[in-house]
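Report on the structure given below.
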Amino acid sequence: MADRRAGPSLRRDHLLIAEMTDAAEQAQLLAAGADMERLENDRQRRDALLGNFTVLGEANIPKCPGVALPLCGTASSTATGRSTSPFSTPPRTSSSAS
1 MADRRAGPSL RRDHLLIAEM TDAAEQAQLL AAGADMERLE NDRQRRDALL GNFTVLGEAN
61 IPKCPGVALP LCGTASSTAT GRSTSPFSTP PRTSSSAS
């Protein structure tokens, strides 16, 4: 049996776990003591927080490599055409009549 410790897959896993840990710690620091109003009004903090959530989402380690995971939830932005993020800007509507 091959020694997995020396393989590139394990090194990649360690890198992903380190990135996820760092992103989670940064997200906790950014969100500490902040309420929704503060996050809505502090663009830099909000963008940094969302960036860390993105890192967490993209760095996840699939349990079965090569197998696509199902979409989580039922109201995704791809299914509805709208973002479900509390920070998203509502779509603009045209005020002129056709």
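Quick note on full-length UniProt numbering: the sequence shown kicks off at 1 and runs consecutively.
For every residue, glycine included, the Cβ atom is placed at its ideal position computed from N, Cα and C.
- Contact between the stretch 45 to 53 and the stretch 9 to 19 (3+ Cβ pairs under 8 angstroms): no
- Item | residue 51 versus 25, 11, 12, residue with shortest Cα-Cα distance | The sequence position of residue 51 within the sequence shown is 51, counting from 1. It is 25 whose Cα lies nearest to the Cα of residue 51.
- Query: What is the DSSP secondary structure of residue 51, reduced to helix, strand or coil?
  - Reply: In the sequence shown, residue 51 corresponds to position 51, counting from 1. Three-state result, residue 51: helix.
- Item | Cβ-Cβ separation, residue 53 to residue 27 (assumed contact under 8 angstroms), whole Å | Along the sequence shown, read from residue 1 onward, the residue named residue 27 stands at position 27. Along the sequence shown, read from residue 1 onward, the residue named residue 53 stands at position 53. Between residue 53 and residue 27 the Cβ distance is about 7 angstroms, and since that is below 8 angstroms, they are a contact.
- residue 99 classed as buried or exposed, judged by whether at least 16 other C-beta atoms fall within 10 angstroms: One cannot answer for residue 99 here, as it falls past the ends of the chain, which runs 1 to 98.
- Query: What's the gap between the Cα of residue 114 and the Cα of residue 58?
  - Reply: The shown model of the chain, from 1 to 98, leaves out residue 114, and the question about it has no answer.
- Message: Can you tell me where the alpha helix (DSSP H) holding residue 34 begins and where it ends?
- Response: Mapped onto the sequence shown, residue 34 falls at position 34. Run containing residue 34: none; DSSP gives neither H nor E here.
- Message: Between the alpha carbons of residue 32 and residue 56, how many angstroms are there, rounded?
- Response: As a working note, residue 32 is residue 32 in the sequence shown. As a working note, residue 56 is residue 56 in the sequence shown. Each residue's Cα considered, the two are about 18 angstroms apart.
- Query: What's the gap between the Cα of residue 41 and the Cα of residue 23?
  - Reply: One-based indexing of the sequence shown puts residue 41 at position 41. One-based indexing of the sequence shown puts residue 23 at position 23. Taking the straight line joining both Cα atoms gives about 22 angstroms.
- Item | Simplified DSSP assignment, three categories, for residue 41 | Here the question's residue 41 lines up with position 41 in the sequence shown. Note: residue 41 maps to helix in three-state DSSP.
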